[in-house]
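Asks: Numbering (this note's numbering), first residue to last: 188 to 274. Idealized CB from N, CA, C, for every residue including glycine. The structure under discussion is supplied below as structure tokens; questions concerning it will follow.
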């Protein structure tokens, strides 16, 4: 009867079971590494977004500063013209 497994078949079953378990562990390890990579990638993207926002803010501040300087120059020009017109 084929109901009884031979020693060789039992050994093959054990080896196959070990192999399957090993593959499962490797898959879990790969999944974890992929997850870490994705998290790292997300962090990098967030940092890039933050850097872009900071850059945008710096540009806006620079524009504001330039605008204020232009106004000061215009006011000085007006004052000089006023003085020149008086003489």
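(1) Cutting at 6 Å between CB atoms, please list the residues of its own chain near residue 188, excluding the five before and the five after it.
(2) Assign residue 191 to one of three DSSP states: helix, strand, or coil.
(3) Using only the alpha-carbon positions, how far apart do residue 205 and residue 232 sit?
(4) Please classify residue 274: does DSSP put it in a helix, a strand, or coil?
Replies: This is what the structure holds:
(1) With a pLDDT of 49 at residue 188, under the threshold of 50, the modelled position of this residue cannot be trusted; read the value that follows with caution. Excluding positions up to five away in sequence, the list is empty.
(2) DSSP, read as helix, strand or coil, puts residue 191 in coil.
(3) 40 Å
(4) coil
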